[in-house]
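Down below is the structure, laid out as structure tokens.
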Ligand SMILES: Cc1ncc(COP(=O)(O)O)c(C=O)c1O
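In my numbering, the protein residues as written are 36 to 422.
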């Protein structure tokens, strides 16, 4: 009975794609220099956020005890959602337990055939996150993938499907989690207007960091003329867990009544929502940290490029070092580990075949000294001809 599973695992091992869990203690003070985290603003240990969460757990316990559609509810959720909608410039917002859950349940609900009556068609960036991909599979919509950030390709596909009667959706991340580049949102907005398409934007890696007050790339534009749904997470720059969907009032009502992951799942506990609200409100005061991250990113990319490293199309705090081969990624990652530096090794299927890489996530507590520590080990690895 177990043979197919064992075969699957063995195949991954043979092709150096096997994943295993590590168990480093995630203490505040660690001797490791960590570039593997998505805690970009260092909010996971912020004392005011911890206090908000501790107070909520003492006052309300650690569970909400049911799904929000059947539990007696709690004003904290509405408070958070009102604030998110205000800062995102949308009519409404809805909180989910995780980004994966939000993408899976919201996107599949929006694409639901019974609701739309005609099969919708989705234009999805080829490098969109796995949760988006899974939502498309689940919804059984028709979908076309355009080459990463390639607006000409997107335009061609939209043109090709112009006469298709199904509702059209353009789906993209705003900042791409594995490449650290950005979607050209002006162009996407323009296409959405021209082809009468709905935009679904994933701001998981942009929330907290981009836009005038840190509330994501969407806040740089006025989306009024384009139907849109924007999701983002509390699991990256906001340091915790959970996700939001910012949308119109109609879509919020629809999701409460249709999104399976919202209806049939116990809601996040009040201590998570209290922390999320505190973290959300902290963001607008973190301009300095955002500027620091941009500066660090520019410096690190410049040094790496000088040393001949391929940092792809990164223009943000996420910097890939593309090594191509899985085994090389594992060996280089191990070398960094021996020097007490933790970097993520990313291999297919998380990235396309031949695109295995180290992924550096810069965080606001990183210093130039940290970058030099990384670079010195990089030079040593090159010197030892591991690369
Ligand atoms: C672009 C993107 N969307 C969604 C998610 C899922 O978010 P979460 O980790 O909160 O489930 C991730 C997580 O890595 C992501 O990178």
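Positions of the beta carbon are idealized from the N, C-alpha and C atoms, including for glycine.
Since the model is a prediction, treat every value here as computed from it, not as a measurement.
- Per DSSP, the continuous beta strand (DSSP E) segment holding residue 396 begins and ends at 391 to 396.
- The Cβ atoms of residue 157 and residue 171 lie closer than 9 angstroms to each other.
- Nearest neighbour of residue 306 by Cα position, chosen from 266, 357, 75 and 115, turns out to be 115.
- In this structure residue 315 is buried. Its beta-carbon is surrounded by 16 or more other beta-carbon atoms within 10 angstroms.
- Listed in chain order, the non-local C-beta contacts of residue 233 below 6 angstroms within the same chain comprise 204 and 262, local neighbours out to five positions each way being set aside.
- Sequence-distant Cβ neighbours of residue 275 in its own chain, meaning closer than 8 angstroms and more than five residues away, are 78, 79, 84, 269, 307, 310, 311 and 314.
- Annotation for residue 133 indicates a beta carbon within 8 angstroms of some heavy atom of ligand 1.
- Contact annotation, residue 402 with residue 213: C-beta distance approximately 25 angstroms; criterion of less than 8 angstroms not satisfied.
- Of all C-beta pairs linking the region 233 to 244 to the region 185 to 205, three or more are shorter than 8 angstroms, placing the two stretches in contact.
- For ligand 1, no non-hydrogen atom lies closer than 8 angstroms to the CB of residue 389.
- Closest in alpha carbon position to residue 92, among 111, 221 and 399, is 111.
- A distance criterion of 8 angstroms places the beta-carbon of residue 166 in contact range of ligand 1, judged by its closest non-hydrogen atom.
- Judged by DSSP secondary structure, residue 229 falls within the alpha helix (DSSP H) whose first and last residues are 220 to 230.
- Here DSSP, grouped into helix, strand and coil, assigns residue 204 to strand.
- Per DSSP, residue 282 is one residue of the beta strand (DSSP E) stretching across 278 to 282.
- In the DSSP annotation of this structure, the continuous segment of the beta strand (DSSP E) that includes residue 381 starts and ends at 379 to 381.
- For residue 263, the secondary structure class from DSSP, reduced to helix, strand or coil, is strand.
- Here the C-alpha atom of residue 159 lies approximately 32 angstroms from the C-alpha atom of residue 334.
- Short note on residue 269: C-beta closer than 8 angstroms to some heavy atom of ligand 1.
- Contiguous alpha helix (DSSP H) elements confined to the region 284 to 350 occur at 284 to 293, 295 to 298, 305 to 318 and 322 to 341, taking only those with 4 or more residues.
- Judged by DSSP in its simplified three-state form, residue 355 adopts strand.
- Residue environment analysis places residue 413 among the buried positions, since at least 16 neighbouring C-beta atoms fall within 10 angstroms of its C-beta.
- Residue state for residue 142 is assigned as helix, using DSSP reduced to three classes.
- DSSP, reduced to helix, strand and coil, places residue 217 within a strand of the structure shown.
- Under the three-pair Cβ rule at 8 angstroms, the region 375 to 392 does not count as touching the region 242 to 253.
- Taking 8 angstroms as the upper bound for CB-CB distance, residue 337 and residue 356 are not in contact here, some 14 angstroms apart.
- Taking the C-beta atoms as reference points, residue 176 is found nearer than 9 angstroms to residue 146.
- Distances from the CA of residue 68 to each of 352, 420, 388 and 377 were compared; the closest alpha carbon is that of 377.
- Per DSSP, reduced to three states, the secondary structure at residue 43 is helical.
- In this structure, residue 278 places its C-beta atom within 9 angstroms of the C-beta atom of residue 134.
- Under the three-state reduction of DSSP, residue 421 is assigned to coil, being neither helix nor strand.
- Remark: the shortest separation between the CB of residue 183 and any heavy atom of ligand 1 does not fall under 8 angstroms.
- The beta carbon of residue 392 sits closer than 7 angstroms to those of 355, 356, 357, 358, 364, 381 and 386, all from its chain and outside the five residues before and after it, given in chain order.
- Under the 8 angstroms Cβ criterion, the region 180 to 193 counts as touching the region 215 to 225, having at least three qualifying pairs.
- Taking 8 angstroms as the cut-off, one finds no heavy atom of ligand 1 near enough to the beta carbon of residue 296.
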